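Enquirer:
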Amino acid sequence: MSTDNPGIDPLDGLRAPQDPDCDVFLTGTVFLDIVFTGLDSAPVRGTESWARGMGSSPGGVANMATALARLGLHTSLAAAFGDDHYGEYCWDALEQGEGIDLSMSHTVPGWHSPVTVSMAYEGERTMVSHGHEAPPPAAPSHADRAFPRCPPRARAAVASLTPGRSEPWVAVAARHGARIFADVGWDETGRWDLDALPDLRHCQAFLPNAEEAMRYTRTDCPRAAARALAERVPLAVVTLGSEGAYAVDAATGVTAEVPAIEVEALDPTGAGDVFVAGFVTGTLADWPLADRLAFAGLTAALSVQEFGGSLSAPGWAEIAAWWQRVRTCDGQDPAALQRYAFLEHLLPAAARPWPLRRAVPTIGFRHPA
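Going by the working numbering, the final residue of the sequence shown carries number 932, and the count climbs one at a time with no gaps.
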């Protein structure tokens, strides 16, 4: 399932012998995603719908881990895997297919893998999920004792904040020098209280969407919300959907806004994860703030043109092919092209022309005896 990777290291020239082996650590739940495509409309109660296409891949936190790994970052994932065929498939796809370090992960005997069925149509998605919380690790191995309270030493870590809940590993990772990047989900309590996000104090960057940012800051403008959030975190990034993204660097006072790239969206699954992965990559590579926003938006735009979550995460081959294509199209806005000129010194010559099409993997067939 791994996408073509020309071997680009975005941190080339920045690495030193004393640096941690891990670039980014993250933890969470891995789902088996089953994606139905080619639906003309949403399923109707009491009827049977046939999809023209189907694929399967690791989902959940695997979307973010895959996006990071495909951008050339050494990625460590701590997650529980079921000991069923689904769990074996997800483990192999992530470790062997994507090169993700799973030494902090563990297999849970007797626990079945969480599953999400996603139906994509008209650029939207409908999902049905099933799963049970994994029991805590019981095996005596070092990796299991460490999961997930003692994360590996890493340049960065990605956390998903939950109101009223603190994850001990976040403080440990920050104390060991990791730069914490965090997103947040919908607040089911309806309080929208930043003080209810205790791990926010450990974060270098906070990346909510516009609606979340405005609710948490009691503002009616996403840009005002970003400025308010910058009083709580060093770097506030607010995604604006089809309008792009806006960011405020509290330390320097620098602000940046980059419009979104107009694309035909087939499936938005995992686009937010891909955006965060792109922004983390640019931040660790020490790019200017506007370049980080542009790169994150570009990777997210490429991802929504493919079906699936982790399946759709672009690698450097896709990015290079896109850049080669837009530079040779007639009628391009010179200012828009200049916004992405920073890619020129990063990218190899595209090996294949745009658009690239990846195979859609599913659970593997048995080889004949």
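C-beta atoms are modelled at their ideal positions from N, C-alpha and C, and glycine is treated no differently.
These figures come from a predicted structure and were not determined experimentally.
Which whole-angstrom value is the C-beta distance of V837 and A863, which I expect to be below 8 Å?
Expert: The Cβ separation is near 5 Å, so the contact holds.
Enquirer: Taking all protein chains shown into account, decide if D575 is buried (16 or more other Cβ within 10 angstroms of its Cβ) or exposed.
Expert: exposed
Enquirer: Check each candidate in T638, W613, G618, T670 and name the one with the smallest Cα separation from E934.
Expert: Since the displayed the chain opens at 564 and closes at 932, residue 934 lies outside it and no answer follows.
Enquirer: Rounded C-beta distance between A799 and A808? I'm assuming under 8 Å.
Expert: Contact doesn't hold; Cβ gap of about 11 Å is too wide.
Enquirer: Ordered along the chain, which non-local residues of its own chain (more than five positions away) have a Cβ less than 7 Å from that of A759?
Expert: P726, G727
Enquirer: Grab me the residues of H739's own chain with a C-beta within less than 7 Å of its C-beta, minus the 5 sequence neighbours each way, in chain order.
Expert: R716
Enquirer: Would you call the CB atoms of I663 and A697 closer than 7 Å?
Expert: no
Enquirer: Reducing DSSP to helix, strand and coil, say where H693 ends up.
Expert: strand
Enquirer: Reducing DSSP to helix, strand and coil, say where A776 ends up.
Expert: Collapsing the DSSP output to three states places A776 in a helix.
Enquirer: Looking only at its own chain, which residues have a Cβ that is under 6 Å from the Cβ of C585, when we skip the five neighbours before and after it?
Expert: H637, S639, P715, A717
Enquirer: Looking only at C-alpha atoms, which of G841, L874, H693 sits nearest to L906?
Expert: G841
Enquirer: Quick check for students: name the residue ranges of the beta strand (DSSP E) that lie wholly in the segment 764–827, counting only runs of 3 or more.
Expert: You should have 766–769, 798–802, 808–812, 818–821.
Enquirer: Looking at C-beta atoms only, is the number of pairs between the segment 763–771 and the segment 743–750 that lie closer than 8 Å three or more?
Expert: yes
Enquirer: Take H675 and list the residues in its own chain whose beta-carbon comes closer than 7 Å to its own, dropping the five residues that flank it on each side.
Expert: G645, D647
Enquirer: In this structure, how does DSSP classify T832 when only helix, strand and coil are distinguished?
Expert: coil
Enquirer: What span of residues does the alpha helix (DSSP H) with Y649 cover, start to end?
Expert: 648–655
Enquirer: Is D750 close to the ligand HEM? I mean its beta-carbon at under 6 Å from any heavy atom of the ligand.
Expert: With respect to the ligand HEM, the structure offers nothing, as it holds no ligand at all.
Enquirer: Using 7 Å as the threshold, is the C-beta distance between T689 and D596 below it?
Expert: Cβ atoms of T689 and D596: not closer than 7 Å.
Enquirer: For M617, does the three-state DSSP call read helix, strand or coil?
Expert: strand
Enquirer: Tell me, please, whether the segment 615–626 touches the segment 776–787 by the rule of three or more beta-carbon pairs shorter than 8 Å.
Expert: In short, these stretches do not touch, since the Cβ pair count stays below three.
Enquirer: Closest to W613 by C-alpha separation, out of Y684, D783, W885, V721, would be which residue?
Expert: Y684
Enquirer: Drop a sphere of 10 angstroms on the beta-carbon of W881, count the other beta-carbons inside from all chains shown, and report buried for 16 or more, exposed for fewer.
Expert: Strictly speaking, residue 881 in this sequence is Glu, with Trp absent from that position. Buried.
Enquirer: Is G833 near G872, with beta carbons less than 7 Å apart?
Expert: Yes. Within cutoff.
Enquirer: For A762, which option in A734, E827, T818 has the closest C-alpha, if you only look at C-alpha atoms?
Expert: Rather than Ala, the amino acid found at residue 762 in this sequence is Asp. With distances taken between Cα atoms, D762 lies closest to A734.
Enquirer: Can you give me the start and stop residues for the beta strand (DSSP E) that F858 sits inside?
Expert: F858: not part of any beta strand (DSSP E); member of the alpha helix (DSSP H) spanning 852–866, first to last residue.
Enquirer: Mapping the DSSP letters down to three states, classify L640 as helix, strand or coil.
Expert: strand
Enquirer: Under the rule that 16 or more other beta-carbon atoms within 10 Å means buried, what is S681, buried or exposed?
Expert: buried
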